[in-house]
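Asks: There's a structure below that I have some questions on.
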Amino acid sequence: MNRDARIRILLLLGAGMVATVALLLVYFVEPIRVYHVVPAASSMILTESEIPVSSGEVVSSAEVEVPVTSAKEEAETSTPLPDSQTESSGPQEVLVEKGINLNTATLEELDLLPGVGPAIAQRIVEYREANDGFYDIEEILDVSGIGEKTFEKLKPYITVE
Numbered sequence: 001m002n003r004d005a006r007i008r009i010l011l012l013l014g015a016g017m018v019a020t021v022a023l024l025l026v027y028f029v030e031p032i033r034v035y036h037v038v039p040a041a042s043s044m045i046l047t048e049s050e051i052p053v054s055s056g057e058v059v060s061s062a063e064v065e066v067p068v069t070s071a072k073e074e075a076e077t078s079t080p081l082p083d084s085q086t087e088s089s090g091p092q093e094v095l096v097e098k099g100i101n102l103n104t105a106t107l108e109e110l111d112l113l114p115g116v117g118p119a120i121a122q123r124i125v126e127y128r129e130a131n132d133g134f135y136d137i138e139e140i141l142d143v144s145g146i147g148e149k150t151f152e153k154l155k156p157y158i159t160v161e
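First residue of the sequence shown? That's 1 in the UniProt record's numbering, and the numbers climb one at a time after it.
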């Protein structure tokens with residue numbers, strides 16, 4: 001299956017966490033059943049047949065790949081996955097459908113954005129600190145290294161709150 005045609009959900013154990021969703025990284029305090037994961041990762045709507053493991057299967061620390069009907073259909077109905085040259089193994093693979101808030105995002109979260117690497121992520125943080133935050137997503141065009149092309153790639157993934 002093509003990397004762009006699937007969504008990864010990482011299930012990890014986290015001490016003291018209660019079903020927190022961040023970048024489609026879903027944390028649970030104790031082992032859970034797969035059918036609890038899909039509603040928790042609220043940006044997906046899947047049927048039982050689309051889940052690659054038994055939805056009643058108990059998982060404690062595992063990676064479950066949930067296939068999407070097709071990359072083209074997914075792009076029309078929700079946020080597409082960022083482009084990547086290499087296969088990675090971590091939460092960097094998926095962005096939450098509602099986007100990353102430019103005013104609160106960490107360097108690591110900003111680095112997940114398409115067209116943004118560590119250097120531009122650092123410039124975004126520096127701009128945010130120097131200007132008391134972003135008031136509109138278009139302000140990101142004022143950050144050195146981000147032009148119209150990059151902005152168009154970023155638009156679906158960023159918010160300002």
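Positions of the beta carbon are idealized from the N, C-alpha and C atoms, including for glycine.
Since G115 and K153 are thought to touch, with beta carbons under 8 Å apart, how far apart are those beta carbons, to the nearest angstrom?
Replies: Correct: roughly 5 Å between the Cβ atoms.
Asks: Judging by CA-CA distance, which residue of G133, E138, E161 and S144 is the nearest neighbour of G117?
Replies: Checked all of G133, E138, E161 and S144; the closest Cα to G117 is S144.
Asks: Start and end of the alpha helix (DSSP H) containing T150?
Replies: Per DSSP, T150 belongs to the alpha helix (DSSP H) from E148 to L154.
Asks: Based on the DSSP output, what are the partners of T159 in its beta bridges?
Replies: T159 pairs with N101.
Asks: For D111, which three-state DSSP category applies?
Replies: In this structure, D111 counts as helix in the three-state DSSP scheme.
Asks: What residues in its chain sit with their C-beta under 8 Å from that of D136, if we drop five residues either side in the sequence?
Replies: If we look at D136 and ignore the five residues flanking it on each side, its Cβ neighbours are V160.
Asks: Quick one: using the 10 Å Cβ neighbour count with 16 as the cut-off for buried, is L107 buried or exposed?
Replies: Under this definition L107 is an exposed residue.
Asks: If you draw a straight line from the C-alpha of R128 to the C-alpha of L102, how long is it?
Replies: When rounded, the distance between both Cα atoms is 8 Å.
Asks: Between the Cα of T104 and those of F134, I120, E148 and F151, spot the shortest distance and give me the residue it belongs to.
Replies: With distances taken between Cα atoms, T104 lies closest to F134.
Asks: On the criterion of 16 or more Cβ atoms from any shown chain inside 10 Å, does A121 qualify as buried, or is it exposed?
Replies: Buried.
Asks: Is DSSP giving Y127 helix, strand or coil here?
Replies: Three-state DSSP puts Y127 in a helix.
Asks: Is it true that the CB of I124 sits closer than 8 Å to the CB of L110?
Replies: Their beta carbons are under 8 Å apart, which means L110 touches I124 by this criterion.
Asks: What number of angstroms, rounded off, separates the C-alpha of G99 from the C-alpha of F151?
Replies: Whole-angstrom Cα-Cα distance: 14 Å.
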